[in-house]
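Trainee: If you read the sequence shown in our numbering, its first letter stands for residue 1167, the second for the next number, and so on. Sharing a structure with you now.
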Amino acid sequence: NGGLLGLREVRERLGADVSEDDVRRAGETLGPLGGGYGIVRVGRREYVRSVPRELSGDQAAVVEAAQVLGYVAVGMLRDNLGWESARCRTVVDDLVAGGLLWVDKQTEGEWEFWSPTFMLDAPEGEGEDGEGGEDAAVP
1167 NGGLLGLREV RERLGADVSE DDVRRAGETL GPLGGGYGIV RVGRREYVRS
1217 VPRELSGDQA AVVEAAQVLG YVAVGMLRDN LGWESARCRT VVDDLVAGGL
1267 LWVDKQTEGE WEFWSPTFML DAPEGEGEDG EGGEDAAVP
């Protein structure tokens, strides 16, 4: 899951007796203990973070785009965010190194960088076996 798991998905995995607010409070309670656990908001969605890092503003923008579209590409980020290619590449490389994006090198154009959460949330038959799925390079 790249270290970010949707709050709703955590609640569903735990069972009907647990509310999203219960998960949110539990995550916030674990924050001071370290280990990287906590609740983060990316765009309109909340996630349980299980990696020991904070997202920069640039990283949050890229993760949000990947959550909405499923993937990002350097050219897409450059054109839509108005950033230089080097800035886009630096942010993407850092997110790949942290497991927050997966690389698909099999596209005909430039590489695509997929959100693991999007892949896991995709309806059966999409994402895992479709474009950018099982043949994608996973760091």
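Ideal Cβ placement from N, Cα and C applies to all residues, glycine included. As the structure is a computational prediction, the values presented were derived from the model and not from experiment.
With a threshold of 16 other CB atoms inside 10 Å of the CB of Gln1233, please say whether the residue is buried or exposed.
Mentor: Looking at its Cβ environment, which holds 16 or more other Cβ atoms inside 10 Å, Gln1233 is buried.
Trainee: Nearest to Ser1216 by CA position, among Leu1170, Thr1273 and Asp1270, is which residue?
Mentor: For Ser1216, the nearest C-alpha among the options comes from Leu1170.
Trainee: If the criterion is Cβ atoms closer than 8 Å, does the pair Glu1274 and Ala1239 meet it?
Mentor: No, they are not a contact pair.
Trainee: Should Glu1250 go down as buried or exposed, given a rule of 16 or more other Cβ atoms within 10 Å for buried?
Mentor: Its Cβ having fewer than 16 others within 10 Å, Glu1250 is exposed.
Trainee: So, is Leu1221 buried or exposed, given that buried needs 16 or more other C-beta atoms within 10 angstroms?
Mentor: It counts as buried.
Trainee: For the pair the segment 1187 to 1196 and the segment 1205 to 1215, tell me if three or more CB-CB distances fall below 8 Å.
Mentor: Output reads yes: the segment 1205 to 1215 touches the segment 1187 to 1196.
Trainee: Could you tell me which of Leu1199, Arg1253 and Pro1198 sits nearest to Gln1225, measuring between CA atoms?
Mentor: Per the Cα distances, Arg1253.
Trainee: By the 10 Å Cβ neighbour count, where 16 or more other Cβ atoms means buried, how is Thr1283 classified, buried or exposed?
Mentor: Label assigned to Thr1283: buried.
Trainee: Which runs of the alpha helix (DSSP H) at least 4 residues long sit entirely within the segment 1218 to 1256? Give them in chain order.
Mentor: Counting whole runs of 4 or more residues, the segment 1218 to 1256 contains the alpha helix (DSSP H) stretches 1223 to 1235 and 1240 to 1247.
Trainee: What would DSSP say about Gly1197, mapped onto helix, strand or coil?
Mentor: DSSP places Gly1197 in helix when its eight states are reduced to three.
Trainee: In chain order, what residues of the same chain have a beta carbon less than 6 Å from the beta carbon of Arg1244, not counting five sequence neighbours either side?
Mentor: Cβ neighbours of Arg1244 beyond the five flanking positions: Ser1251 and Cys1254.
Trainee: Cα separation between Gly1172 and Asp1260?
Mentor: Rounded to the nearest angstrom, the two C-alpha atoms are 21 Å apart.
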